[in-house]
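Following: one structure in structure tokens, then a few remarks.
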Amino acid sequence: MKCEDIKERMPDFLTGDLDNKAKSEFDAHIARCSACGEELRQLSEIWTKLGVLPMEQPSPALRNRFYTMLEAYKEGFEAEKAAAVPKKKLSFSFGRIWPRRPAFQFAAALVFVVLGITAGYLLRNPQAQLSRLHQEVDSMRQIMAVSLLQQPSSSDRIQGASFSSQVKAPTAKTLDALLQTLDHDPNVNVRLAAVDALYLFSSYPAVKDRIVQSLTKQESPLVQVALIDLLVGIREQRAVEAFKALIQNEKLNPDVKEKAKLGIQQLSF
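Under the working numbering, the residues of the sequence shown are numbered 760 to 1028, in order.
Here it is as structure tokens:
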């Protein structure tokens, strides 16, 4: 079996639907392919977390409750969107965040199915249910985001950053995954996606500290400029010293140096 075949069969492996011959070939491939083995481990973690979600029996009024939930969620979402003042516009489309790998497509689809059914079961009054649904969606987004940020594919990691940018209340694990990506990811585009996501969480003191520190670790002019814009945008005064230190680097890109000087002026007003 090739890696592509193995990845397509991971959901069947986890559900125990492979026959003996296919399972033997699957096990043999996983034993010798570290990349597929790591992807299976990540997917297994998601599968395990999905397994602890409460599975209740649906009531006869499930259909009516489910559509009531959808209407309540839509009204709440529109009201929240109208009231919110975004700090920064992030381009978004469903196609950008939907995983391209079959195994993760299966996991993501299962997440939404479980959330929809759970929402129908738990509906007692719209406000209480809506709050619970937001928490469930937020939790699932964070599970997917952290998992995707750890994948070997740069496109998967970009999708992970996109997932995290939609989180309402990030956990310490989610924030740390984004910050680790910003500091250490080998792909410039992935680091830029992490910058965009972290902009939304820049009000967290620990995030501000790590962003300032990260500026001194970056070598890509694109990432340096993005971080300077972020720090100026949030009016982080401590960034002035980081900008001054950056300017002292003789190898610094001239455009970045001018950007840092301008940043110092803007934060000095």
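Even for Gly, the Cβ is constructed at its ideal location relative to N, Cα and C.
Fair warning: this is a prediction, and the values are worked out from it, not measured in the lab.
How long is the line joining the alpha carbons of residue i and residue j, rounded to whole angstroms?
i: E798; j: D935; result: 21 Å
i: A790; j: K780; result: 16 Å
i: S906; j: F772; result: 19 Å
i: D778; j: A985; result: 51 Å
i: K1114; j: A952; result: What the structure shows of the chain is the stretch from 760 to 1028, and residue 1114 is not part of that stretch, so it cannot be assessed.
i: D944; j: D897; result: 24 Å
i: D764; j: S1027; result: 58 Å
i: V954; j: T940; result: 9 Å
i: D968; j: Q996; result: 11 Å
i: K976; j: G775; result: 46 Å
i: K1018; j: I987; result: 7 Å
i: A928; j: S914; result: 24 Å
i: R768; j: L959; result: 37 Å
So, residue i versus residue j, is the Cβ gap smaller than 8 Å?
i: V947; j: S923; result: no
i: T933; j: A965; result: no
i: C795; j: K766; result: yes
i: L981; j: A1001; result: no
i: V971; j: A1004; result: no
i: V949; j: R900; result: no
i: A920; j: L938; result: no
i: L730; j: S961; result: In this structure the chain extends from 760 to 1028, so residue 730 is not present and cannot be described.
i: Q925; j: Q801; result: no
For residue i, which three-state DSSP category applies?
i: G796; result: helix
i: V926; result: coil
i: L777; result: coil
i: R997; result: coil
i: Q1007; result: coil
First and last residue of the alpha helix (DSSP H) that includes residue i?
i: Y963; result: Segment: none, Y963 is in no alpha helix (DSSP H) and carries neither H nor E.
i: L934; result: 931-943
i: K1020; result: 1013-1027
i: S914; result: 913-923
i: T774; result: 762-774
i: Q910; result: Premise fails: Q910 is in no alpha helix (DSSP H) and is neither H nor E.
i: Q983; result: 980-992
Return yes when the C-beta of residue i is under 7 Å from any heavy atom of the ligand HEM, and no when it is not.
i: M903; result: In the structure on display, the ligand HEM does not appear, and there are no ligands present to speak of.
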